[in-house]
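Q: Following the working numbering, the numbering of the sequence shown begins with 19 at its first residue and continues without gaps.
A virtual CB, placed ideally from N, CA and C, is assigned to each residue, including glycine.
A quick note: this is a predicted structure, and the numbers were derived from the prediction, not measured.
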Amino acid sequence: METTTPILSARSVHICFNLRGRVLHAIRGIDLDIQQGEVLAIVGESGSGKSVFTKSFMGLLDANGAITEGTIDYFGADDGRPIRLSDLKKEKDWLKVRGHEIAMIMQDPMTSLNPLKTIGEQIAEAVQLHQHLKGRAARDKAVEYLRDVGITEPERRFHQYPHEFSGGMRQRVVIAIAVACNPQILICDEPTTALDVTIQAQILELLKDLRVKYKLTVVLITHDLGVVANIADRVAVMYAGDIVEIGTADEIYYDPRHPYTWALLSSMPQMGVKGEDLFNIQGTPPNLFAEIRGDAFAPRNPQALKIDFVKQPPYFDVTPTHKAKTWLLDPRAPRIEPPAVVRRLREEGM
Numbered sequence: 019m020e021t022t023t024p025i026l027s028a029r030s031v032h033i034c035f036n037l038r039g040r041v042l043h044a045i046r047g048i049d050l051d052i053q054q055g056e057v058l059a060i061v062g063e064s065g066s067g068k069s070v071f072t073k074s075f076m077g078l079l080d081a082n083g084a085i086t087e088g089t090i091d092y093f094g095a096d097d098g099r100p101i102r103l104s105d106l107k108k109e110k111d112w113l114k115v116r117g118h119e120i121a122m123i124m125q126d127p128m129t130s131l132n133p134l135k136t137i138g139e140q141i142a143e144a145v146q147l148h149q150h151l152k153g154r155a156a157r158d159k160a161v162e163y164l165r166d167v168g169i170t171e172p173e174r175r176f177h178q179y180p181h182e183f184s185g186g187m188r189q190r191v192v193i194a195i196a197v198a199c200n201p202q203i204l205i206c207d208e209p210t211t212a213l214d215v216t217i218q219a220q221i222l223e224l225l226k227d228l229r230v231k232y233k234l235t236v237v238l239i240t241h242d243l244g245v246v247a248n249i250a251d252r253v254a255v256m257y258a259g260d261i262v263e264i265g266t267a268d269e270i271y272y273d274p275r276h277p278y279t280w281a282l283l284s285s286m287p288q289m290g291v292k293g294e295d296l297f298n299i300q301g302t303p304p305n306l307f308a309e310i311r312g313d314a315f316a317p318r319n320p321q322a323l324k325i326d327f328v329k330q331p332p333y334f335d336v337t338p339t340h341k342a343k344t345w346l347l348d349p350r351a352p353r354i355e356p357p358a359v360v361r362r363l364r365e366e367g368m
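Written out as structure tokens, the structure is:
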């Protein structure tokens, strides 16, 4: 991590969607500081609110969704003045932020690329719009980005179409387009979901290299804790629209404190034992149309305390950089040992 200066700060953020007269409470009071130059991984099951939360940084919420409470402030603007993203309403205001300040790599590269335009045209378009280069200069810059993301023979590939590229190469092109916007923050929404394990590792290594070369702050969204082990500086664990635990990568992997984090770590395929069934989290996430009382994870937590069903836990500090929302950290709580997988990770990693 380069500094401890926040580039983006969210405070008590609530996001709701109106669906046929009903209100879905997708994000429930998130507080988060994203530090300049770090790689922050946001992990959690599908539907936990990871993508919704980060799309709110760019004004990409669906028309029926809105930030109903709280603030999101961005501090990385060229003129040095903070921008209150939660107050932006007009598209012309978002266009000053989207791309040049904060860029996003979407989940499926095939749907992110225009099949009727060459790869080079699509990268050059981002260069022209955000770096104000034209003609030969824009083309040369686009070729440079293709080379940066590991595309061989970039001059020839410049003239090819998306269907002529493999899935891994298309993902590299989408990354090149995002980086060509010259952003301060790069949000990567499940960038390795559809890729095999070997290509996953290459894409993550590429993101690490680009982060250093272009001085990026990277927010990596994933449902798989195993994917981010070697790239993240910090990890935020999301469940039911809230961040239930956050800490450095080492703290989350080797000293997790929330039962949901225990369950996610236990669910990693690489932690399975030959001949035994893989661990799976019982039950289903809560209904976000209904009011949630207590700890949202309590109905799925076999070690839940009585208070978990009554009162929502506050954050308890484990270290200055590590905190979790669980009553197990209350001094009055009984001592409950983490599952065997977590203990094994701690013994092997420390």
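DSSP state of His276, grouped into three classes?
A: coil
Q: What do you reckon, are the CB atoms on Gly94 and Glu119 nearer than 8 Å?
A: yes
Q: Can you name the start and end residues of the alpha helix (DSSP H) that Asp166 belongs to?
A: Gly153 to Asp166
Q: Could you tell me the alpha carbon to alpha carbon distance between Glu20 and Asp166, rounded to whole angstroms?
A: For Glu20, the pLDDT reaches just 42, beneath the cut-off of 50, and the residue's location in the model is therefore unreliable, although a value from the coordinates is still provided. Near 22 Å, if we compare the C-alpha coordinates of Asp166 and Glu20.
Q: Just checking: is the beta-carbon of Ile264 within a distance shorter than 8 Å of some beta-carbon in chain C?
A: Note that chain C does not occur in the displayed structure, where there is just one protein chain.
Q: Roughly how many angstroms lie between the CA atoms of Thr170 and Pro277, to the nearest whole one?
A: 45 Å
Q: Could you tell me the boundaries of the alpha helix (DSSP H) in which Ile221 lies?
A: Val215 to Lys231
Q: Return the first residue and the last residue of the alpha helix (DSSP H) that Ile193 is part of.
A: First-last of the alpha helix (DSSP H) with Ile193: Gly185 to Ala198.
Q: May I ask you to verify whether the segment 173-181 touches the segment 198-207, counting CB pairs closer than 8 Å and requiring at least 3?
A: no
Q: Only counting runs of 3 or more residues, tell me where the beta strand (DSSP E) segments fall wholly within the segment 50-86, in order along the chain.
A: 57-61
Q: Kindly indicate which three-state DSSP category His181 falls into: helix, strand or coil?
A: helix
Q: Spatial neighbours of Ser27 within its chain, please: C-beta separation below 6 Å, excluding the five flanking residues on both sides.
A: Asp51 and Asp91
Q: Below 8 Å on the Cβ atoms is my guess for Ser130 versus Val70; work out the distance and round it to an integer in Å.
A: Their Cβ separation, rounded to whole angstroms, is 18 Å, which puts Ser130 and Val70 out of contact at 8 Å.
Q: Can you say whether Phe35 is buried or exposed, counting buried as having 16 or more other CB atoms within 10 angstroms of its CB?
A: buried
Q: In the structure shown, what three-state DSSP assignment does Ser30 receive?
A: strand
Q: Would you kindly work out how many angstroms separate the C-alpha atoms of Leu58 and Ile264, rounded to a whole number?
A: 10 Å
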